[in-house]
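> Structure below; questions to follow.
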Amino acid sequence: MASLPSVFDTRCDGPGLLPATKQWSARYNTLRKYGSDIHRTLEFPDPKSADYDATGKTVIISGSNSGIGKQAALYFAQAGATVIMACRLTATHEQNPEEARKEIVKTAGVDDSKVELWEIDCSSLANIERFGQKWRASGRTCDILVNNAGLSAGQRRITDEGFELTHVINFLSHCLLTFFILPTMKNASAPRIINTCSIFHNGGVLDFADMDNEKNTPVGPGCVQLYCNSKLWFLMWTVELQQRLSRSEDYRHVICHGIHPGFVGSNIWHNPDTKVPYALRFVIQRAINWLAIDPKQGSYAIIHAALSPSLGLPAALTTSKTKPAVGESALFGGKFVNRDIVDIRRPEVDDPLARSRLWQRVLEDVQAAKRGVAKDLPDHPDSIKAVGKSTK
Numbered sequence: 001m002a003s004l005p006s007v008f009d010t011r012c013d014g015p016g017l018l019p020a021t022k023q024w025s026a027r028y029n030t031l032r033k034y035g036s037d038i039h040r041t042l043e044f045p046d047p048k049s050a051d052y053d054a055t056g057k058t059v060i061i062s063g064s065n066s067g068i069g070k071q072a073a074l075y076f077a078q079a080g081a082t083v084i085m086a087c088r089l090t091a092t093h094e095q096n097p098e099e100a101r102k103e104i105v106k107t108a109g110v111d112d113s114k115v116e117l118w119e120i121d122c123s124s125l126a127n128i129e130r131f132g133q134k135w136r137a138s139g140r141t142c143d144i145l146v147n148n149a150g151l152s153a154g155q156r157r158i159t160d161e162g163f164e165l166t167h168v169i170n171f172l173s174h175c176l177l178t179f180f181i182l183p184t185m186k187n188a189s190a191p192r193i194i195n196t197c198s199i200f201h202n203g204g205v206l207d208f209a210d211m212d213n214e215k216n217t218p219v220g221p222g223c224v225q226l227y228c229n230s231k232l233w234f235l236m237w238t239v240e241l242q243q244r245l246s247r248s249e250d251y252r253h254v255i256c257h258g259i260h261p262g263f264v265g266s267n268i269w270h271n272p273d274t275k276v277p278y279a280l281r282f283v284i285q286r287a288i289n290w291l292a293i294d295p296k297q298g299s300y301a302i303i304h305a306a307l308s309p310s311l312g313l314p315a316a317l318t319t320s321k322t323k324p325a326v327g328e329s330a331l332f333g334g335k336f337v338n339r340d341i342v343d344i345r346r347p348e349v350d351d352p353l354a355r356s357r358l359w360q361r362v363l364e365d366v367q368a369a370k371r372g373v374a375k376d377l378p379d380h381p382d383s384i385k386a387v388g389k390s391t392k
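Residues 1 to 392 in full-length UniProt numbering are what the sequence shown lists, from first letter to last.
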């Protein structure tokens, strides 16, 4: 094990997996990527039923003015929650966020104050920090955080902060947002964090020396490879987050899941920056129209993971002041929810060294210490610190 890169070697070549982690073949990864979608129509639970009643809860949803985020916001509003629509206000290929908010209020039949619009821009960590500080200053409790905003970038772009655009929007921004929101979940009775991942994580690559495409590796049509990479990292980070929450005195009651909403015909496929040739885009769009489910069906995974009793802590731990034992909530959270089932995931997701190294890399990239976040979460286990050595 001495030749392995250590948990602190966050820019090593490759994933730095433990020898015991046996990776799937490229063929099986491709099979899982394209062949594990669930196409059946799912019946939504009654939002007024006892198990799904969200009265008194506050839900934050990023990217909620269109697609599955908007449909999830509508359901949570119908279930009685106060919904915070965290949206980019300058998008040109999506519904105007204020129009979407008014539509949700009208359709759900709720008071205007029950659906709020807050500006967020997931391409900027500085903007995420402003959102997070504003939320903390409000003194409010967050019961459910849905990290949903995402894109397939269309072309490789580096942001002013130095990150590849898909990397920061689909992954880093949500990590930082979670760090800011977590302290406001301490007093929630049954808080959950839902991260929109994808079965496309099966096509992802983890190379710590290429997380912003520094090696100019092929990005695929419409930067689909960068999309796959970001979803693999997000699922790995989700599982690692659950492991650390389960060891935390303050957050042992918090459950988080990564979800696959299905192959959804949403705005994510209509990026105006794409360099995919028109003929190929036409073929892709025809395939989407034929195979895709609609955004409402896609939102099922968010709702199921956020509210279903089967994906939370046992009732005895949510209806009393009894906290889970150390490590116990990791038995119930950290799942990969493929629409309505708990599905298998890439072996890399279960590699504790690679996950911990990814966690360390995120702390560095989002400048957690400088921003004063994540300091209340557990450090790497001693067993992980003892593995490997620096390759720098």
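Note that beta-carbon positions come from the ideal geometry of N, C-alpha and C, so glycine has one too.
Model, not experiment: these values are computed from the prediction.
Going by CA-CA distance only, name the one from E98, K114, T159 that's closest to A126.
Working through the sequence shown from its first residue, we reach residue 126 at position 126. Per the Cα distances, T159.
> Classify C87 as helix, strand or coil using the three-state DSSP reduction.
Position 87 of the sequence shown holds residue 87. Note: C87 maps to strand in three-state DSSP.
> Apply the 10 Å Cβ neighbour rule to S310 and answer buried if 16 or more other Cβ atoms are within range, or exposed otherwise.
Position 310 of the sequence shown holds residue 310. Its Cβ having fewer than 16 others within 10 Å, S310 is exposed.
> Do I181 and H257 count as a contact pair if the criterion is CB distance below 8 Å?
On the sequence shown, residue 257 is found 257 positions in, with the first residue counted as 1. On the sequence shown, residue 181 is found 181 positions in, with the first residue counted as 1. Cβ atoms of H257 and I181: not closer than 8 Å.
> Which word fits N216, buried or exposed, when buried means at least 16 other C-beta atoms lie within 10 angstroms of its C-beta?
Position 216 of the sequence shown, counted from the first residue, corresponds to residue 216. Label assigned to N216: exposed.
> Considering only residues of the same chain and omitting the five flanking positions on each side of K57, which have a CB-CB separation below 6 Å?
For this step, residue 57 is matched to residue 57 along the sequence shown. The residues are A81, D143.
> By DSSP, does residue 396 sit in helix, in strand, or in coil?
What the structure shows of the chain is the stretch from 1 to 392, and residue 396 is not part of that stretch, so it cannot be assessed.
> Mind checking which residues open and close the alpha helix (DSSP H) that includes V224?
On the sequence shown, position 224 is the one that residue 224 refers to. Residues 224 to 246.
> Tell me, which residues are paired with I61 by DSSP?
Working through the sequence shown from its first residue, we reach residue 61 at position 61. Partner(s): M85, V146.
> Of all the options Y28, D365, K385, which has the alpha carbon lying nearest to the alpha carbon of D212?
Position 212 of the sequence shown, counted from the start, is the residue given in the question as residue 212. Ranking Y28, D365, K385 by Cα distance to D212 puts D365 first.
> How is the alpha helix (DSSP H) around L4 delimited, first residue to last?
Numbered from 1 along the sequence shown, position 4 holds the residue referred to as residue 4. Segment: none, L4 is in no alpha helix (DSSP H) and carries neither H nor E.
> Identify the continuous alpha helix (DSSP H) that holds I303 and give its terminal residues.
Your numbering for residue 303 matches position 303 in the sequence shown. Counting along the chain, the alpha helix (DSSP H) containing I303 begins and ends at 295 to 307.
> Leaving out five residues on either side along the sequence, give the residues of the same chain with a beta carbon under 6 Å from the beta carbon of L245.
Working through the sequence shown from its first residue, we reach residue 245 at position 245. Contacts found: Y251, V254.
> According to DSSP, is K385 helix, strand or coil?
The residue labelled residue 385 in the question sits at position 385 within the sequence shown. It is helical.
> How close, in whole Å, do the beta carbons of L117 and P97 come, if the pair is a contact with beta carbons under 8 Å?
In the sequence shown, residue 117 corresponds to position 117, counting from 1. In the sequence shown, residue 97 corresponds to position 97, counting from 1. Right, the Cβ-Cβ distance comes to about 5 Å (below 8 Å), so this counts as a contact.
> Give me the Cβ distance between P5 and G388, rounded to the nearest whole Å; I'm assuming they're in contact under 8 Å.
If you number the sequence shown from 1, residue 5 lands on position 5. If you number the sequence shown from 1, residue 388 lands on position 388. Confirmed, about 5 Å.
> According to DSSP, is L377 part of a helix, a strand, or is it coil?
The residue labelled residue 377 in the question sits at position 377 within the sequence shown. L377: coil per DSSP, three-state reduction.
> Using 8 Å as the threshold, is the segment 93 to 109 in touch with the segment 126 to 142, meaning 3 or more CB pairs across them?
These segments do not touch.
> Return helix, strand or coil for T30, following the three-state DSSP convention.
Counting from 1 along the sequence shown, the entry for residue 30 is found at position 30. In this structure, T30 counts as helix in the three-state DSSP scheme.
> Have a look at W269 and A190 and give me their C-alpha separation to the nearest angstrom.
Position 269 of the sequence shown, counting from 1, holds the residue named residue 269. Position 190 of the sequence shown, counting from 1, holds the residue named residue 190. Here the model assigns W269 a pLDDT of 48, short of 50, so the residue's position is not dependable, and the following value carries that caveat. Going from the Cα of W269 to the Cα of A190 covers about 34 Å.
> Quick one: give me the first and last residue of the alpha helix (DSSP H) that E103 is part of.
The residue labelled residue 103 in the question sits at position 103 within the sequence shown. E103 -> alpha helix (DSSP H) spans 97 to 108.
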